[in-house]
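Undergrad: Under the working numbering, the residues of the sequence shown are numbered 3 to 99, in order.
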Amino acid sequence: MEKRTNRYRLNLKYLSSAKDDAVLPEPVEIEFENHDNIFAIIETLKEKNLFTDENQATEFAIGLKLFSEVMIKNKNMPLFEEFFPAFGAFMKKLKSS
Numbered sequence: 003m004e005k006r007t008n009r010y011r012l013n014l015k016y017l018s019s020a021k022d023d024a025v026l027p028e029p030v031e032i033e034f035e036n037h038d039n040i041f042a043i044i045e046t047l048k049e050k051n052l053f054t055d056e057n058q059a060t061e062f063a064i065g066l067k068l069f070s071e072v073m074i075k076n077k078n079m080p081l082f083e084e085f086f087p088a089f090g091a092f093m094k095k096l097k098s099s
């Protein structure tokens, strides 16, 4: 049986640079899958008021879910070997806050 996932498209556009002479790169667009409803997670984090800026809740949720899904899909990589247990503890703490 095929595992069902949520599909997303993310568009990232460089709006301005701290350097006046910087050449702005072309936008990046990616499609990806995630086992969680990221929009629901964003709303949950906004409701928890963990951050003073509501936009940070959105940034955090998107970054966390992108990172965690890649880590889960590659959990046997040596890169994540030491971090994986700590990440599990972090997620439990986040869910309980």
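Glycine residues also receive a C-beta, built at the ideal position from the N, C-alpha and C atoms. Just so you know, these numbers come straight off a predicted model, no measurement behind them.
1) Is Asn-13 helix, strand or coil when you go by DSSP?
2) Let me check understanding here. Comparing Cα to Cα, which of Lys-15, Glu-61, Gly-90 lies closest to Ile-40?
3) Measuring straight from C-alpha to C-alpha, what distance separates Phe-53 and Ala-24?
4) Using a threshold of 8 Å, state whether the C-beta atoms of Lys-77 and Phe-86 are closer than that.
5) Where does Lys-67 land, buried or exposed, given buried means 16+ other C-beta within 10 angstroms?
TA: The answer reads as follows:
1) Three-state result, Asn-13: strand.
2) By alpha-carbon distance to Ile-40, the top candidate from Lys-15, Glu-61, Gly-90 is Glu-61.
3) Distance between the alpha carbons of Phe-53 and Ala-24: 31 Å.
4) Result yes, Cβ atoms of Lys-77 and Phe-86 sit closer than 8 Å.
5) Counting the other CB atoms within 10 Å of its CB gives Lys-67 a total of 16 or more, which places it among the buried residues.
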